[in-house]
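J.:
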Amino acid sequence: MRIARLNLAIQELRVKNARAGYFPQIFANGNYDFSDRLDFGFEPENYNLGLRGQYTLWDNGQREGSFAQAKENLTATVSRNERTKQDLILDITVAYYDVLKRQELVKVSEQVFARSQENTQRTRDFVEAGTLIPADVATAEVREANDELSLVNNRNALQIAQATLPRLLGLDPGVLLTVSVDESYQLYQDRGTIERIEMSVEEATQIALSNRPEFQERQAQIKSQEWSLTLAKLQRWPRLNADVDYNVALDDYLRERENFSDFRSWSAGMSLNFTIFDGGVLGNRVKELNMQLEQSRENVSDLERSVALAVRQAYLNLERGEIAVDISKKQVTNARLSLDVIQGRFDVGKAILLELLDAQTSYAQSLTNEVNGFYDYKITQIRLQDAMGVLQ
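Count the sequence shown with the working numbering and you get residues 201 to 592, in order.
#1: Grab me the residues of Y232's own chain with a C-beta within less than 6 Å of its C-beta, minus the 5 sequence neighbours each way, in chain order.
#2: From the DSSP output, in three-state form, read off S400 for me.
#3: Evaluate V299 with the Cβ neighbour count: other Cβ atoms within 10 Å of its Cβ, from every protein chain shown; 16 or more gives buried, anything less gives exposed.
#4: Please tell me whether V562 and S538 are closer than 9 Å, where the distance is taken between their beta carbons.
#5: For L518 versus L584, is the C-beta spacing smaller than 9 Å?
#6: For D558 and E403, what's the separation of their Cα atoms in angstroms?
#7: Compare the Cα-Cα distances from V306 to each of D576, S316, E341 and R355 and report the closest residue.
#8: Quick check: the Cα distance between L351 and R283, rounded to an integer number of angstroms?
#9: What does the Cβ neighbour count give for E417, buried or exposed, with the cut at 16 atoms within 10 Å?
#10: Entirely within the stretch 438-520 and at least 3 residues each: give me those beta strand (DSSP E) ranges in chain order.
#11: Who are the Cβ neighbours of I542 in its own chain at under 7 Å, not counting the five residues just before and after it?
#12: If you follow the alpha helix (DSSP H) that I190 is in, where does it begin and where does it stop?
#13: Counting only the same chain and skipping the five closest in sequence on each side, list residues whose C-beta sits under 6 Å from that of R512.
#14: Please return the same chain residues whose Cβ sits closer than 6 Å to the Cβ of G147, not counting the five positions on each side in sequence.
#15: Just to confirm before moving on: does the CB-CB distance between E504 and L409 stay below 9 Å?
#16: Are the stretch 572-588 and the stretch 333-342 touching, with three or more C-beta to C-beta distances below 8 Å?
#17: Check Y284 in the structure and name its three-state DSSP category.
#18: Taking a contact to mean a Cβ-Cβ separation below 9 Å, would you say R436 touches T475 in this structure?
#19: Cβ atoms of L472 and R439: under 9 Å apart, would you say?
#20: Output the boundary residues of the alpha helix (DSSP H) element that contains Q585.
#21: Evaluate the contact criterion for the stretch 314-324 versus the stretch 354-373: three or more CB pairs, one atom per stretch, below 8 Å.
#22: Within its chain, find whatever has a CB closer than 7 Å to the CB of Q211; leave out the 5 residues flanking it on each side and keep chain order.
#23: Between which two residues does the alpha helix (DSSP H) harbouring A335 extend?
#24: For R252, which of G479, S279, V312 and D443 has the nearest alpha-carbon?
#25: So Y385 is in the alpha helix (DSSP H); what residue range does that whole segment cover?
#26: Assign V375 to buried or exposed, taking buried as 16 or more other Cβ atoms, counted over all protein chains shown, within 10 Å of its Cβ.
#27: Classify Q592 as helix, strand or coil using the three-state DSSP reduction.
#28: According to DSSP, F267 sits in a beta bridge with which residue or residues?
#29: Near R545, which residues of its chain fall below 6 Å by C-beta distance, leaving aside the five closest residues on each side in sequence?
#30: Is A335 buried or exposed, if buried means 16 or more other CB atoms sit within 10 Å of its CB?
#31: Report the residue from E328, G370 and V308 whose alpha carbon sits nearest the alpha carbon of E348.
#32: What does DSSP give as the partner residue(s) for G230 in the beta ladder?
#33: Under the rule that 16 or more other beta-carbon atoms within 10 Å means buried, what is K487, buried or exposed?
#34: In whole angstroms, give me the CA-to-CA distance for I226 and L450.
#35: Within the continuous alpha helix (DSSP H) that includes K216, where are the two ends?
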């Protein structure tokens, strides 16, 4: 964003420079000459001081064109900065949801690991009671070790996510940010429902075509190129300038020290300049600008198709995310019910350890799918808003 702000400041200065063309220019000049020529009217040392003013009386609208072009370039820069801002908001929001997701996955891993520890201890008790064999303890310990490794991996992923978020915020990645509890996830856990998209993909596409800053940037660039073409054509026309000069023979006055008006002079005049022959440079420049303008207009058409495709993809991904959340919720309910039943049967010796471990694996996977599904859905929501150009 700092680079974007600097680009904006540069364009604002260029607008001011274009506006300066409406004002006259005033120059001060002075010179010192030393010569061995001592003829009449010459001295070894000569000093002169002068002022010169110049103002463009008529340039066929070139000043107006330059000023309008500078303003269009400023508009394009503002739109480009808006796109940069939305990209940054998207990156920060995705990183924020990644931290929340990692926090929930750590909670899931802690819950699963605690259950594995209980199962391992219960298996040892059954071995001591003679209802299970020592090999069952080894199987339970393998399961416990895998769950512990999963917990370690999720904690490590959480730390990486916590370091990524401050970097995007312009902070030191070494400072791990703590993110508060996600109320939307808690609400989803309580109600079991999510907010669903209520507009059609066609409506989303129309919003994108109206709001995406890229379109505003491209339109401003096209207008700027149109002004460039106009200015190139105006180069063929004459330019009328007024000039005023005021000079003082300072060396003579300093020697005489009297009657200052005898040592000063002034002149005023006008000049008319235009190109008679340039070897076809201006004509080729006009042709080049015409082709560049045509390219830009075609790029806008291609951008419309690309944006429409991006919106449709984001829309379909969001629909898939909504379905995935519903499915994962059912998976958790069914897996928990199955685990509770098999756990009860295992506790009374009616189920083998492998059945319990398999049910535990299914339950852990369903919890993981639920967390991933919910936050993937939240991210696809944000990506659709970004594709529509309404992300704030």
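Every residue, glycine too, gets a C-beta built ideally from N, C-alpha and C.
T.: For this structure:
#1: As a first step, residue 232 must be located in the sequence shown, where it is residue number 32. If we look at Y232 and ignore the five residues flanking it on each side, its Cβ neighbours are Y247.
#2: For the purposes of this step, residue 400 is taken as the residue at position 200 of the sequence shown. Coil, per DSSP.
#3: As a first step, residue 299 is located in the sequence shown; it is residue number 99 there, counting from the start. Its Cβ being crowded by 16 or more others within 10 Å, V299 is buried.
#4: Here the question's residue 562 lines up with position 362 in the sequence shown. Here the question's residue 538 lines up with position 338 in the sequence shown. For the sequence presented, residue 562 should be read as Ser rather than Val. Cβ distance < 9 Å, so S562 and S538 count as in contact.
#5: Against the sequence shown, residue 518 aligns to sequence position 318. Against the sequence shown, residue 584 aligns to sequence position 384. Contact: yes.
#6: Stepping through the sequence shown from its first residue, residue 558 is reached at position 358. Stepping through the sequence shown from its first residue, residue 403 is reached at position 203. One Cα belongs to D558, the other to E403, and the distance between them is close to 46 Å.
#7: Taking the first residue of the sequence shown as position 1, residue 306 is located at position 106. Nearest of D576, S316, E341 and R355 to V306, Cα basis: R355.
#8: In the sequence shown, the residue the question calls residue 351 occupies position 151. In the sequence shown, the residue the question calls residue 283 occupies position 83. Near 38 Å, if we compare the C-alpha coordinates of R283 and L351.
#9: Here residue 417 refers to the residue found at position 217 when the sequence shown is read from its first residue. Counting Cβ neighbours within 10 Å, E417 comes out buried, since at least 16 surround it.
#10: 439-448 and 464-473
#11: For the purposes of this step, residue 542 is taken as the residue at position 342 of the sequence shown. Answer for I542: A551, E555, L556 and A559, listed in chain order.
#12: The requested residue 190 is not part of the displayed model; the chain covers only 201 to 592.
#13: As a first step, residue 512 must be located in the sequence shown, where it is residue number 312. V401.
#14: Look at the range of the chain in this structure, 201 to 592, and you will see that residue 147 is not part of it.
#15: Locating residue 504 in the sequence shown gives position 304, where the first residue counts as 1. Locating residue 409 in the sequence shown gives position 209, where the first residue counts as 1. Contact: yes.
#16: Contact fails: fewer than three Cβ-Cβ distances are below 8 Å.
#17: Your numbering for residue 284 matches position 84 in the sequence shown. Note on residue identity: the sequence assigns Thr, not Tyr, to residue 284. Looking at T284 - three-state DSSP - the assignment turns out to be helix.
#18: Locating residue 436 in the sequence shown gives position 236, where the first residue counts as 1. Locating residue 475 in the sequence shown gives position 275, where the first residue counts as 1. Result yes, Cβ atoms of R436 and T475 sit closer than 9 Å.
#19: If you number the sequence shown from 1, residue 439 lands on position 239. If you number the sequence shown from 1, residue 472 lands on position 272. It is a contact, given that the beta carbons lie within the stated cut-off.
#20: Counted from its first residue, the sequence shown places residue 585 at position 385. Segment L553 to M588, the alpha helix (DSSP H) holding Q585.
#21: These segments do not touch.
#22: The sequence position of residue 211 within the sequence shown is 11, counting from 1. N273, L274 and T277.
#23: As a first step, residue 335 must be located in the sequence shown, where it is residue number 135. First-last of the alpha helix (DSSP H) with A335: P334 to L368.
#24: Here residue 252 corresponds to residue number 52 of the sequence shown, with the count starting at 1. It is D443.
#25: Your numbering for residue 385 matches position 185 in the sequence shown. Where Y385 is concerned, the enclosing alpha helix (DSSP H) stretches over E383 to R391.
#26: Taking the sequence shown and counting its residues from 1, one reaches residue 375 at position 175. Exposed, by the Cβ-count rule.
#27: The residue given as residue 592 occupies position 392 in the sequence shown. Three-state result, Q592: coil.
#28: Taking the sequence shown and counting its residues from 1, one reaches residue 267 at position 67. Bridge partners of F267: none, in fact.
#29: For the purposes of this step, residue 545 is taken as residue 345 along the sequence shown, with counting starting at 1. By the criterion of a C-beta distance shorter than 6 Å, R545 is surrounded in its chain by A551, once the five residues flanking it on both sides are discounted.
#30: Numbered from 1 along the sequence shown, position 135 holds the residue referred to as residue 335. When all chains shown are included, A335 counts as exposed.
#31: One-based indexing of the sequence shown puts residue 348 at position 148. Of the residues E328, G370 and V308, the one whose Cα lies closest to the Cα of E348 is V308.
#32: Here residue 230 refers to the residue found at position 30 when the sequence shown is read from its first residue. Its beta-bridge partners are L249.
#33: Walking along the sequence shown from the start, residue 487 turns up at place 287. Burial call: exposed.
#34: As a working note, residue 226 is residue 26 in the sequence shown. As a working note, residue 450 is residue 250 in the sequence shown. Answer to the nearest angstrom: the Cα atoms are 20 Å apart.
#35: Position 16 of the sequence shown holds residue 216. Start and end: R202 to R219.
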